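Enquirer: In order, the protein sequences belong to chains U and W. Numbered according to our numbering, the first sequence spans residues 313 to 393. Numbered according to our numbering, the second sequence spans residues 3 to 176. We put the CB at the ideal spot given by N, CA and C, even for glycine. If you're wondering where the values come from, they're calculated on a predicted model, not measured in any experiment.
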Amino acid sequence: MNTIEVIKEDQVLDCTGLLCPMPIVKTTKAIKELQSGQILKMIATDAGSPPDIEAWSRQTGNELLRSTTEDGKFVFFLKKG
Amino acid sequence: MSKSNPNAPKRLALISSKGTLDWAYPPFILGSAAGAMGWEVGIFFTFYGLTLLKPELTASVSPLGNPAMPMKMPFGPEGFQNINWAMPNLLMANVPGFESLATTLMKQTFHNKGVATIEELREASIDLGVRLIGCQMTMDVFGFKKEDFIPQAEIGGAATFLEYAADADVQLFI
């Protein structure tokens with residue numbers, strides 16, 4: 313049986329209902345409050361957010377640890393670089 | 003031609019030349035998104051785009067120049083809301099009050115869908131360090147003074163933009 317490693321977030325950001333570009337704008341603000349190595353859990357409903365968060369992660373150097381879908385929502389775990 | 007400083011962050015140079023509500027979105031969406039990705043961003047506002055630097059934003063939808071602009075109704079059942087109402091130019095151009103109706107419908111539809119307002123996107127852009135630069139020549143032509151704009155607005159000319167854009171990774175005219 314596969315076990316999925318539990319990721320413990322340091323902060324949660326809910327971007328439910330927000331459309332582009334607000335999820336990455338709010339994610340940027342939230343990650344600024346964290347220390348390097350801390351983890352932000354971000355929840356979004358914008359269907360454009362999975363590719364956008366991947367691009368944001370590549371551009372900013374904050375690592376996308378996991379990208380999943382829960383109850384029709386997109387959940388991202390981002391580690392501050 | 004390479005950038006003069008290879009270690010500089012990526013840079014986006016935008017020209018915003020249109021002041022209607024629909025055309026006000028792209029520069030502030032791209033500007034705030036690039037700012038969120040750690041890029042340097044400069045938006046040069048010229049011609050009708052200058053009005054987007056005023057403290058009170060009054061951008062509206064102009065049906066002229068948007069032939070067969072489809073409109074959506076922000077109320078009623080989902081099937082009704084999803085209908086694209088093609089608006090004939092003759093109707094759009096001649097019916098009094100059509101522009102304010104179209105503006106209200108677009109703002110309401112954007113709000114219902116969760117799109118930020120132009121004011122929110124401009125605020126986010128400023129928070130993320132986006133430079134907002136008014137074109138001096140068109141300010142003179144349209145009678146704008148620096149004091150007419152938000153305090154974050156800078157002033158520049160064609161050479162200012164070109165020097166900035168020469169070192170940019172992405173340049174767009176909107």
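When you measure from the CB of F163(W) to every non-hydrogen atom of the ligand ZN, does any distance come out below 6 angstroms?
Expert: As presented, the structure is devoid of all ligands, the ligand ZN included, so that no description of it is given.
Enquirer: One question on the structure: do I157(W) and G131(W) come within less than 7 angstroms of each other, judged by their Cβ atoms?
Expert: Start at 1 with the first residue of the second sequence, and residue 157(W) comes out as number 155. Start at 1 with the first residue of the second sequence, and residue 131(W) comes out as number 129. Result no, Cβ atoms of I157(W) and G131(W) do not sit closer than 7 angstroms.
Enquirer: Compute the beta-carbon to beta-carbon distance between L23(W) and M108(W), rounded to the nearest angstrom, for a pair I have assumed lies under 8 angstroms.
Expert: Here the question's residue 23(W) lines up with position 21 in the second sequence. Here the question's residue 108(W) lines up with position 106 in the second sequence. About 6 angstroms separates the two Cβ atoms, so the contact holds.
Enquirer: Within the 7 angstroms Cβ cut-off, does A15(W) reach chain U?
Expert: For this step, residue 15(W) is matched to residue 13 along the second sequence. Closer than 7 angstroms: no.
Enquirer: Just to confirm, is the Cβ distance from I355(U) to K385(U) under 7 angstroms?
Expert: Counting from 1 along the first sequence, the entry for residue 355(U) is found at position 43. Counting from 1 along the first sequence, the entry for residue 385(U) is found at position 73. Yes, they are a contact pair.
Enquirer: With 7 angstroms set as the bound, which would you pick, yes or no: does the beta-carbon of P363(U) sit closer than that to a beta-carbon of chain W?
Expert: If you number the first sequence from 1, residue 363(U) lands on position 51. No, because no Cβ of chain W sits closer than 7 angstroms to the Cβ of P363(U).
Enquirer: Could you name the residues of the same chain whose beta carbon sits closer than 7 angstroms to that of E122(W), not counting the 5 residues immediately before and after it, in chain order?
Expert: Taking the first residue of the second sequence as 1, we reach residue 122(W) at position 120. Here the set comprises nothing.
Enquirer: Among S34(W), I120(W) and F82(W), which residue has its Cα nearest to the Cα of V43(W)?
Expert: Here residue 43(W) corresponds to residue number 41 of the second sequence, with the count starting at 1. Selected option, being the one with the closest Cα: S34(W).
Enquirer: Mind pulling the chain U residues with CB within less than 7 angstroms of G44(W)?
Expert: One-based indexing of the second sequence puts residue 44(W) at position 42. Correct list: empty, because the minimum Cβ distance to chain U is about 17 angstroms.
Enquirer: DSSP puts G136(W) in a beta bridge; with which residues?
Expert: As a position in the second sequence, residue 136(W) is number 134, starting the count at 1. DSSP, once it has assigned bridges, lists F47(W) and I157(W) as partnering G136(W).
Enquirer: Give, in chain order, every residue of the stretch 321-334 of chain U whose Cβ lies closer than 8 angstroms to some Cβ of chain W.
Expert: Taking 8 angstroms as the Cβ-Cβ cut-off against chain W, the residues of the stretch 321-334 of chain U that qualify are G329, L330, L331, C332, P333 and M334.
Enquirer: My assumption, with CB atoms under 8 angstroms, is that K353(U) sits in contact with V318(U). Please give the rounded CB distance.
Expert: The residue labelled residue 353(U) in the question sits at position 41 within the first sequence. The residue labelled residue 318(U) in the question sits at position 6 within the first sequence. So it is not a contact: roughly 12 angstroms between Cβ atoms.
Enquirer: Among the residues of its own chain, which have a CB less than 6 angstroms from the CB of F175(W), if the five just before and after it don't count?
Expert: Looking up residue 175(W) in the second sequence gives position 173. Only I17 meet the Cβ criterion.
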